[in-house]
Amino acid sequence: MEEPLVDKTGEESLVVIEVKKQLYLAGPLIVGSLLQDVVQMISVMFVGHLGELALSSASIATSFAGVTGFSLLSGMSSSLDTLCGQAFGAKQHHLLGIYKQRAILVLTPVSAVVAVIWGYTGQILLLFGQDPEIAMEAGSYIRWLIPSLFVYGPLQCHVRFLQTQNMVLPVMLSSGITALNHILVCWLLVYKLGLGNKGAALANTISYLTNVSILALYIRLSPSCKSTWTGLSTEAFHDIFGFLRLAVPSALMVCLNTISLVFRVPYGLSAAISTRVSNELGAGRPDAARLATQVIMVLGVVSSISVSLAIVLVRNLWGHAYSNDKEVVEYISRIMPIIAVAFLFDDMQCVLSGIVRGCGFQKMGSYVNLSAYYLVGIPAALCFAFVYHLGGVGLWMGITCALVVQTVLFMSITLRTNWDKEALKARDRVSITSLPLDLAT
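If you count the sequence shown from 1, position 198 lands on 198 in full-length UniProt numbering, and the numbers rise without skipping.
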């Protein structure tokens, strides 16, 4: 199918080149994803200094929004990792813009459904036994978050569109501008205008809108996107169900693994390897895809150890960013070491899931996450937390068990991957999509 990728004399130089490629992608993606998450973190920090009730309600609302909305949209948009990545590798550049439009078309009605659910957040939390005062405050906070849903989906699609073309610096810069602006917006709405937690929630929408506007303007004006963005196309309305075949399992992969939303270093590595694998498979270079997976595993181990140590070292400082309450600060300090252990496994499974997305194995990945969390993680968490009375630490121990299972299963999938076969499948996927509609059907 292709010439051998390496010989003994050139192997070392190819590894170095691959490391540079992945670090070039991962570095800005790590920073960019951290800055995107900072938007919600800053909002909670501002609210936290309004009082304990405000902090509790905003934290619960943010968690609920993440699991039921933001992770769902992020997961569905991650199907573009496969579609856009393989199309770009195969030099079918016009397909990237069509895929992006198709994704936005699908995510818009999904956002509307989630918005209805968010409207009843207070009642849902009461149903699960949450304190009435906290539940009502959380419901109020999340209702003011609803407009952000309809901006967050397109934002994720724009990010994936650029990321799969190796254009990661614009994503980092736009996220940085947005994060800095968000501090000012939060201060104005929360304190200056006196909107309190409602202002913090509304600030998220303003900041996401700022971010997506910057990226849309870049895509429209940059010469680098001329071949991949050719304007609006009716082809975006075609093969919606084909998109959903990847989007739904992608959403399940993310929704059943929301811990990866907390730690953005492995996310950056995961996005980088997803881009590298999909690009190389689309270009018909299976050996290059295999080498990329070997390199990312080493980088994943190094990053997981480094960040886990950092988590332990700052365990006594982290709580002060969210609250002035001594008990809250001390509790966060106690739970951080177990979170550091969880991160060791989360890093590797997150990196391996990037390989899975790059290959187009989202359906298999969703099965892995279902079994890891529902058969292992949740029962273990309930046992540790309530049978052995370990509380929050027990819940994190259960999550860690799920992460271990994920890591083992994803590693097994990666090691058993037939790269030559996947390169052929990628070529077929892009070829069918690029056919005229009457021939493709």
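Using N, Cα and C, we set each Cβ at its ideal position, and we do this for glycine too.
In the structure shown, M45 adopts helical secondary structure according to DSSP, grouped into three states. Residue S207 holds the alpha-carbon nearest to the alpha-carbon of L189 among F70, A426, S207. Contact check for S77 against A103 passes: the beta carbons are separated by less than 7 Å.
Secondary structure of L317 (DSSP, three-state): coil. Contact between the segment 225 to 235 and the segment 169 to 176 is absent: fewer than 3 CB-CB pairs across the two stretches fall below 8 Å.
The C-alpha of A292 is placed about 14 Å away from the C-alpha of A423. Of the other Cβ atoms in all chains shown, fewer than 16 fall within 10 Å of the Cβ of L313; this residue is therefore exposed. For L169, the closest of G199, G268, E330, L25 by C-alpha to C-alpha distance is L25. Distances from the alpha-carbon of A90 to those of R285, V351, S148 put R285 closest. In the DSSP assignment, C157 falls within the unbroken alpha helix (DSSP H) covering 146 to 163.
Annotated three-state conformation of M167 is coil, per DSSP. For A372, same chain residues with a beta-carbon under 6 Å away, outside a window of 5 residues either side, are A402, V405, Q406 in chain order. Counting along the chain, no alpha helix (DSSP H) covers K192, and no H or E run does either. In the three-state reduction of the DSSP assignment, G129 falls in the coil class. Comparing alpha carbon positions, the residue from A381, I42, I355, I30 closest to I413 is I355.
Between M297 and V351, the beta carbon gap of about 7 Å places them in contact (Cβ cut-off 8 Å).
In the three-state reduction of the DSSP assignment, Y367 falls in the helix class. Here L35 carries a helix assignment [DSSP, helix/strand/coil].
When the Cα atoms are used, L390 and Y367 turn out to be separated by approximately 29 Å. Contact between Q92 and L232 is ruled out by a C-beta separation of about 18 Å, above the 8 Å threshold. Around the Cβ of V295, a 10 Å sphere holds 16 or more other Cβ atoms; the residue is buried. In this structure, T417 is the residue among K363, T417, E330 with its C-alpha nearest to the C-alpha of L281. Spatial neighbours of I339 in its own chain (CB-CB distance under 7 Å, excluding positions within 5 residues in sequence) are listed in chain order as I311, W396. Proximity to R220 across G358, L209, S274, H158 peaks at H158, based on C-alpha coordinates.
In terms of Cβ geometry, T164 and F88 form a close pair [threshold 7 Å]. Straight across, the Cα-Cα distance linking S308 with S59 is about 23 Å. Judged by beta-carbon spacing, G398 lies beyond the 7 Å limit of D347, meaning their Cβ atoms are not closer than that value. Excluding the 5 residues flanking it on each side, P249 has same chain C-beta neighbours closer than 6 Å at Q362, K363, S366, in chain order. Each residue's CA atom was taken as its position, placing D37 and F345 some 21 Å apart. DSSP places C401 inside the alpha helix (DSSP H), whose first and last residues are 391 to 415.
CA-to-CA, the gap between P154 and T205 works out to about 12 Å. With 16 or more other Cβ atoms inside 10 Å of its own Cβ, Y99 counts as buried. The beta carbon of L53 sits closer than 8 Å to the beta carbons of E133, I134, E137 from its chain, once the five residues preceding and following it are set aside; these are given in chain order.
For the options T82, S111, G85, the alpha carbon positioned closest to that of G66 is the one of S111. Scanning its chain for C-beta atoms nearer than 6 Å, with the 5 sequence neighbours on each side dropped, one finds around G139 the residues T121, G122, in chain order.
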